[in-house]
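Start counting the sequence shown at 1; every next residue gets the next number (the working numbering).
Notes follow once the structure below has been shown.
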Amino acid sequence: PWVVAAKSVLSSVINTGLPAGPSEAIIFADDSVDGGLAALDLLIEAEHGPDSSAYLVTHSRKVAEAALAAIPEHWSRMTEQRVEFSRAVLTGKRGGIVLTASLEDSYRFINDYAPEHLEILSKEPFAHLGRITEAAEILMGPHTPVTLANFVLGPNAVLPTSRWARTYGPLSVTDFVKRSSVGYVTSVAYPELALHARRLARYEGFSSHENAVSEIRDRYLAG
1 PWVVAAKSVL SSVINTGLPA GPSEAIIFAD DSVDGGLAAL DLLIEAEHGP DSSAYLVTHS
61 RKVAEAALAA IPEHWSRMTE QRVEFSRAVL TGKRGGIVLT ASLEDSYRFI NDYAPEHLEI
121 LSKEPFAHLG RITEAAEILM GPHTPVTLAN FVLGPNAVLP TSRWARTYGP LSVTDFVKRS
181 SVGYVTSVAY PELALHARRL ARYEGFSSHE NAVSEIRDRY LAG
């Protein structure tokens, strides 16, 4: 959290990059998958540490109850430290199982939370993809757990957290490139563009803007 806070303070002075804080994930499960599988993937994120966030979001009571029942069995195959971390997350204010009233409510929760990682656990994951607008990383289907994305799948693991996925995307090569915009207007294209620019400049009350694309310029260009 202190790293994100420091970036926020300095963001008006230097380019601090995207705000990546404590890790977080939402496992979205519809009624086509086993709740035990959803619990298995929920613990991927929850074991990171006590400051991580991990939620299972589902509109299926059957999936939610099965997931809750499966967690102790999964804990039995984890180290003591990782069990402690995940227990702290799932029983605290940063994680748990969210049972929604409908698919629509699930979508709304996810888009409002804007998670760093989102798993769409469904036999038809692409049926849900169009409803998700706010997530930094979206992993599709039961064969794409966060583990694969973290270690071998390939997408950049530097991702916005703390709802910053609403305005930032994953780190990419463009973040390391300083660019300039370049414009060039030909003598053929200029008259039409100037006509519209004059109207806009006049509407906004910018006299010099208007003059610069008026007959004054035409006289200078004519020599």
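Glycine is no exception: its CB is placed at the ideal position from the N, C-alpha and C atoms.
Query: What three-state label does DSSP hand T58 in the structure shown?; Result: strand
Query: Determine contact between the region 56-68 and the region 99-117, defined as no fewer than three beta-carbon pairs at a distance below 8 Å.; Result: yes
Query: Take the Cβ of I25 as the centre, count every other Cβ of all protein chains shown within 10 Å, and call the residue buried at 16 or more, exposed below.; Result: Checking the displayed sequence, the identity of residue 25 turns out to be Ala instead of Ile. Under this definition A25 is a buried residue.
Query: Roughly how many angstroms lie between the CA atoms of H209 and V9, to the nearest whole one?; Result: 36 Å
Query: Under 8 Å, with one C-beta from each stretch per pair, do the region 177-194 and the region 149-164 reach the 3-pair mark?; Result: no
Query: Hey, A38 and L121: beta-carbon distance below 8 Å or not?; Result: yes
Query: Between the C-alpha atoms of K93 and L43, what's the straight-line distance to the nearest angstrom?; Result: 16 Å
Query: Start and end of the beta strand (DSSP E) containing G36?; Result: Counting along the chain, G36 falls outside any beta strand (DSSP E), though it belongs to the alpha helix (DSSP H) covering 35-46.
Query: Going by beta carbon distance, what residues of the same chain come within less than 6 Å of A29, once the five residues before and after it are set aside?; Result: A38, T58, V63, L121
Query: Taking all protein chains shown into account, do 16 or more other C-beta atoms lie within 10 angstroms of the C-beta of P125, making it buried, or fewer, making it exposed?; Result: buried
Query: Among all the DSSP beta bridges, which residues are the ones paired with I27?; Result: L56, E119
Query: Just mark V152 as buried or exposed, buried being the case when its beta carbon has 16 or more other beta carbons within 10 Å.; Result: exposed
Query: Residues bridged to V98 by DSSP?; Result: V57
Query: Give me the Cα-Cα distance between F85 and S181, rounded to the nearest whole angstrom.; Result: 48 Å
Query: Just how far apart, CA to CA, sit A201 and P170?; Result: 38 Å
Query: Do three or more CB pairs link the region 132-142 to the region 44-56 at distances below 8 Å?; Result: no
Query: Between which two residues does the beta strand (DSSP E) containing L139 stretch?; Result: 137-140
Query: Which stretch, first to last residue, makes up the alpha helix (DSSP H) that contains N156?; Result: Looking at the DSSP string, N156 is not in any alpha helix (DSSP H), and its letter there is neither H nor E.
Query: I110 lies in the alpha helix (DSSP H); which residues open and close that run?; Result: 103-113
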